[in-house]
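Visitor: Every number in my numbering is 11 more than the matching position in the sequence shown, counting from 1. I'd like to ask some things about the structure below.
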Amino acid sequence: RLGGRRWMEQLAKLLKVGSGSLWQLPDYREVYPGSKLEHFRQLSKKSGLGCERMLFFDDEPGSNMEVTQLGVKFVDATGGITEAMVIQGLDTFATACKS
12 RLGGRRWMEQ
22 LAKLLKVGSG
32 SLWQLPDYRE
42 VYPGSKLEHF
52 RQLSKKSGLG
62 CERMLFFDDE
72 PGSNMEVTQL
82 GVKFVDATGG
92 ITEAMVIQGL
102 DTFATACKS
């Protein structure tokens with residue numbers, strides 16, 4: 012699976028989004044093994060944000076089913092994350108947050 016936080020950081024810094032990188036976008040960044048339910052509960056607790064204010068990119072359908080129960084917005088990243096996918100995910104997330 013993942014090579015850990017350092018590997019994810021290096022990868023996310025390579026993915027350019029606008030004038031920055033994917034790594035610069037989120038306020039909270041974590042690589043968390045195990046249940047995504049617990050992962051997002053902890054992120055919610057640390058950040059003070061409800062799970063419905065979170066966006067999650069992942070390539071595992073099981074993770075999607077778990078986190079959407081908490082209200083997390085999910086983007087299916089099967090096949091890999093692209094710049095277009097990130098932009099579309101952010102646009103969809105922004106629209107959902109307005110309603």
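Idealized CB from N, CA, C, for every residue including glycine.
Look up Leu26 in the DSSP assignment and say whether it is helix, strand or coil.
Guide: Residue state, collapsed to three classes: coil.
Visitor: Exposed or buried, what is Met76 when buried is set at 16 or more other beta-carbons lying within 10 Å of its beta-carbon?
Guide: Exposed.
Visitor: Can you tell me whether Ser55 is buried or exposed? The criterion is at least 16 other CB atoms within 10 Å of its CB, across all chains shown.
Guide: So Ser55 ends up on the buried side.
Visitor: Just to confirm the assignment: which complete alpha helix (DSSP H) runs, minimum length 4, are found wholly within the stretch 16-103?
Guide: Listed in chain order, the complete alpha helix (DSSP H) runs (minimum 4 residues) inside the stretch 16-103 are 16-25, 47-58 and 72-79.
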